[in-house]
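Trainee: Protein sequences, first through last, are from chains A and B.
In case it helps, the numbering used here puts the first sequence at residues 433 to 655.
In case it helps, the numbering used here puts the second sequence at residues 22 to 323.
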Amino acid sequence: MNPIVVAAVSLLALINFRLLGGSRLVPIIHGAALQGALLALVGIALRELDTAETALAVGTFLVKGFVLPTLLLRALRQVEIRREIEPLVGYNVSLLVGAAALAIAAMLGGRIAEITTTHEPLMITISLFTMSTGLFLIVARRKAVTQALGYLIFENGIYGLGIAVASGEPLLVEAGILLDLFVAVFVMGIIIFHIQHDFSHIDIDRLVVPDEVPETVREGDPS
Amino acid sequence: MEFVLALLFAPLLAGIIRRTKARVAGRKGPPLLQAYLDLRKLASRASVYSSTTTWVFRLGPLITLSAVLVALALTPAGSMAALISFRGDFLLIVYLLAAARFATALAALDTGSAFEGMGASREMAFGVLAELALLLSLASLVGVTHAESLSGIAQNLGVATWESSAGPLGLVAAAFFGILLIENARIPFDDPTTHLELTMIHEVMVLDHSGPELAVIELASMLKYWLFAGLLVTLVLPVHTGVAGVDLLAHGVGIMVVGLVTGLVESMMARLSLLRVPQMLLAIVLLALLSMVLNPAGGILY
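1) Does PRO52 of chain B pass the burial test, meaning 16 or more other C-beta atoms within 10 Å, or should it be called exposed?
2) Is it true that the region 466 to 482 of chain A meets the region 496 to 514 of chain A, where meeting means three or more beta-carbon pairs spaced less than 8 Å apart?
3) Of the residues A:ILE547, A:VAL521 and A:SER559, which one's Cα is nearest the Cα of ALA537 of chain A?
4) Which of the three DSSP states is assigned to LYS62 of chain B in this structure?
5) Could you tell me which of B:ALA304, B:LEU302 and B:LEU252 sits nearest to GLY99 of chain B, measuring between CA atoms?
6) Can you find a CB in chain A that lies within less than 9 Å of the CB of GLY50 of chain B?
7) Could one say the Cβ of LEU322 of chain B lies closer than 9 Å to chain A's Cβ atoms, at least one of them?
8) Buried or exposed: SER655 of chain A, going by 16 or more other Cβ atoms within 10 Å of its Cβ?
9) Can you tell which of B:ASP268, B:THR220, B:HIS230 and B:GLU204 has the C-alpha that lies nearest to the C-alpha of PRO283 of chain B?
10) Who are the neighbours of ALA596 of chain A on chain B, taking C-beta pairs under 8 Å?
11) Could you check the C-alpha separation between PRO189 of chain B and MET313 of chain B for me, to the nearest Å?
12) Run through DSSP, which three-state label would ARG515 of chain A get?
13) Under the rule that 16 or more other beta-carbon atoms within 10 Å means buried, what is VAL619 of chain A, buried or exposed?
14) Can you check whether the C-beta of ASN524 of chain A is within less than 9 Å of a C-beta belonging to chain B?
15) Could you work out which residues of chain B lie near THR557 of chain A, taking near to mean beta carbons separated by less than 8 Å?
16) Sort A:LEU610, A:PRO459 and A:GLY453 by Cα distance to LEU520 of chain A and report the nearest one.
17) Quick one: what's got a C-beta closer than 6 Å to ASN177 of chain B's C-beta in the same chain, skipping five residues either side?
18) Mind checking the region 299 to 313 of chain B against chain A and listing, in chain order, the residues whose C-beta falls within less than 9 Å of any C-beta there?
19) By a C-beta neighbour count over all protein chains shown, 10 Å radius and 16 as the cutoff for buried, is PHE107 of chain B buried or exposed?
20) Using a beta-carbon distance cut-off of less than 9 Å, what residues from the region 188 to 209 of chain B approach chain A?
21) With 16 as the cutoff for other CB atoms within 10 Å, does LEU322 of chain B come out buried or exposed?
22) Does the beta-carbon distance from THR324 of chain B to PRO259 of chain B come in below 9 Å?
23) With 9 Å set as the bound, which would you pick, yes or no: does the beta-carbon of SER564 of chain A sit closer than that to a beta-carbon of chain B?
24) Would you kindly work out how many angstroms separate the C-alpha atoms of VAL237 of chain B and VAL163 of chain B, rounded to a whole number?
25) Name, please, each residue of chain B whose Cβ falls closer than 9 Å to the Cβ of VAL438 of chain A.
26) What is the DSSP secondary structure of ALA46 of chain B, counted as helix, strand or coil?
27) Looking at the C-beta of PHE449 of chain A, does it have a partner C-beta in chain B at a distance below 9 Å?
28) Would you mind reading off the limits of the alpha helix (DSSP H) that contains ALA92 of chain B?
29) What does the alpha-carbon distance come out to for the pair ASP612 of chain A and ILE547 of chain A?
30) I'd like to know if the region 291 to 303 of chain B and the region 43 to 63 of chain B are in contact, where contact means that at least 3 CB-CB pairs between them fall below 8 Å.
31) Below 9 Å between beta carbons is the criterion; list the residues of the region 451 to 479 of chain A that meet it against any residue of chain B, in chain order.
32) Pick helix, strand or coil for ARG108 of chain B, following the three-state DSSP scheme.
33) Which residue's Cα is closest to the Cα of ILE476 of chain A: A:PHE614, A:ILE595, A:VAL617 and A:ASN524?
34) When the Cα of LEU95 of chain B is compared with those of B:PHE111, B:PRO82, B:LEU311 and B:SER87, which residue comes out closest?
35) Would you mind reading off the limits of the alpha helix (DSSP H) that contains GLU480 of chain A?
36) At least one CB of chain B closer than 9 Å to the CB of LEU527 of chain A: is that the case?
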C-alpha cells in the first residue's frame, strides 16, 4: 500500500464530500481545483514518466489547478452569485448519497481491480467516487456554474481512472479530453455571462423567458 | 484497570477541562478537585421529585450509570485488557451507550416538561448519527487490527499498525474525537454551561433531577467522557512497553491531555447552530466510512 496513494485518496474523498456538502460556490471551485491539481501530482508521483508524459502531467496540473478555476471564478464574478440556493437535493442528503456512492465505488473498485493489472485498487475506487460526485452535482444542482463544475469534477474522476488503470499511452487521450474541457469551461464562462445579460437569472428552470420580452407577452400565451 | 482508573480519576478529568477553559479565558478557575466536592455535596442532599414524575424518572439515572459502568468494564486501558472481554464486545458497548441514552431520554420525557421533551428529541435525533459513526469507527478498527474484541483491538494496535495503515487509523482517530465531543455534549455541538434551555441538547434533560440522582447523572457523564477519552488514547497512543505501570501511566496522562485539548477546543470554538450539527455529525460518519474504504487489508466492504 503506497502511502502517497492513501494520503491522496483520503484527501480526494474528503474534497468530494466538501463539494457535495458545500453551498458556497467559491470554496467549491477551489475544491475542484485542488482535486485536479492533486490528481496531476499523484500521476507524476506514481510512475516513471518520459518527457512528453511529464509535460502533459504538468500541463494538466496547471490547467486544472489554475486556468479552469480562474475562468470559473471570473464567470462567477461577472454574474455576481456566491452560493447555490435551493439545490434540488439538500446538502445533508447529498452527503448521504455521497456515502452510498463511496461504498458502491469501493465494491466496484475491488471488482475492477481484480480484472485489470493495476497496483492501486484504491485509485479506481476513488476515481469512480469522484465521477459519481461530478454526475450527482450536475443532476442535483440548479446553477449552471455548479453544473459546469460537476463536469470538471467528473473529468477529474476520469483522469484518476486513467492514472490507476492505464500506463503511458492514454495520457494522450487525456490531453484531448483536457482540451475539450478547456473549451467547454471557456465557452461556459462566456455563455453564462450572456445568459446573465439576457435573462437576469442563471437558474436553469428560469431560462425560459428573456429579459427583453415585453411583460404582456411573458404573461400571456406564446402564440 | 480502566474501570478503577475511571472511577478514581474521572472527576479530576472534568476538573482539568474546567480549569483549562478558565485559564484560557483569563480566570483562575475552580480547584482541580472541585468535581469530587460537588459530587459529595449533591450526594448528601435530599432529592426533590415533581408530582408528575413516576418510577421511570427515578430509575433513569441508575440505568444510565449502570450501563456506562458495564461499558467501562468492557473498555481496555492501553495494552491492559478490559475486565470483561469476549468476541464482538465492541457491538455491545455501542448498545450499552444507546441504553444509557435511552434511559436518560425516558426520564426526561417522564417529567412532562416541554424543555426536557425537546432535549430528549434532539438527543435521540443526533444520537442516531453519533451511534452510526461510533459503530463504523469500531468496525474499521476491527478491519485494520483483525481482532474481534475491544481488548484484542487494543493489543494489536501498535507503532507497526500505525506505520502500515496510518490513513484509516488517522481518520478513525479524527472521528473518535468528534464522537467524544458530541456524545459528551461539548462545544461545538452542545454547550454544557449554557443557561438558555432552548439551545441545550443534553443538559436540558437533567434539569429536574436533584440531590443524589443528579450526582449519579454527573458521575455517569464524567465516566462516559473518560470512556471515550480512553478509547481515543488507546488508539492514538499505543504504548506497549511490557511494564504494566508505564503503559498505564502513559494511558492516564494521555487521557488528561485529551481533557486539556477538549478544554482548548471549547475555548476556541463557538457553538454550532443546531441546524449545522447534523451536517457535522454526517461528516464524522463519513470519516469513519472512508477509513473503512481505505483499509488496505480489503476490510469488510470488498
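Beta carbons: idealized from backbone N, C-alpha and C, even for Gly.
A quick note: this is a predicted structure, and the numbers were derived from the prediction, not measured.
Mentor: So, from the listed chains and residues:
1) exposed
2) yes
3) A:SER559
4) helix
5) B:LEU252
6) no
7) A caution first: LEU322 of chain B carries a pLDDT of 46, below 50, which makes its placement in the model unreliable, though a value can still be read off. Output row for LEU322 of chain B: interface = yes.
8) Annotation note: pLDDT 43 at SER655 of chain A (below 50); position unreliable, coordinate value reported separately. Burial call: exposed.
9) This sequence places Thr at residue 283 of chain B; Pro is not what is there. Looking at the Cα atoms, B:GLU204 is the closest of the given residues.
10) Residues of chain B passing the Cβ test: none, with the nearest at roughly 15 Å.
11) 7 Å
12) strand
13) exposed
14) yes
15) VAL314
16) A:GLY453
17) THR166 and ALA168
18) PRO299, GLN300, LEU303, ALA304, VAL306, LEU307, LEU308, LEU310, LEU311, SER312 and MET313
19) exposed
20) GLY188, PRO189, GLY191 and LEU192
21) Reliability of the predicted coordinates at LEU322 of chain B is poor, the pLDDT of 46 falling under 50, and no value is obtained from them.
22) Residue 324 of chain B lies beyond the residue range present for chain B, which begins at 22 and ends at 323; the question has no answer from this structure.
23) no
24) 33 Å
25) SER186, ALA187, GLY188, PRO189, LEU315 and PRO317
26) coil
27) yes
28) 76 to 95
29) 30 Å
30) no
31) GLY453
32) coil
33) A:ILE595
34) B:PHE111
35) Segment: none, GLU480 of chain A is in no alpha helix (DSSP H) and carries neither H nor E.
36) yes
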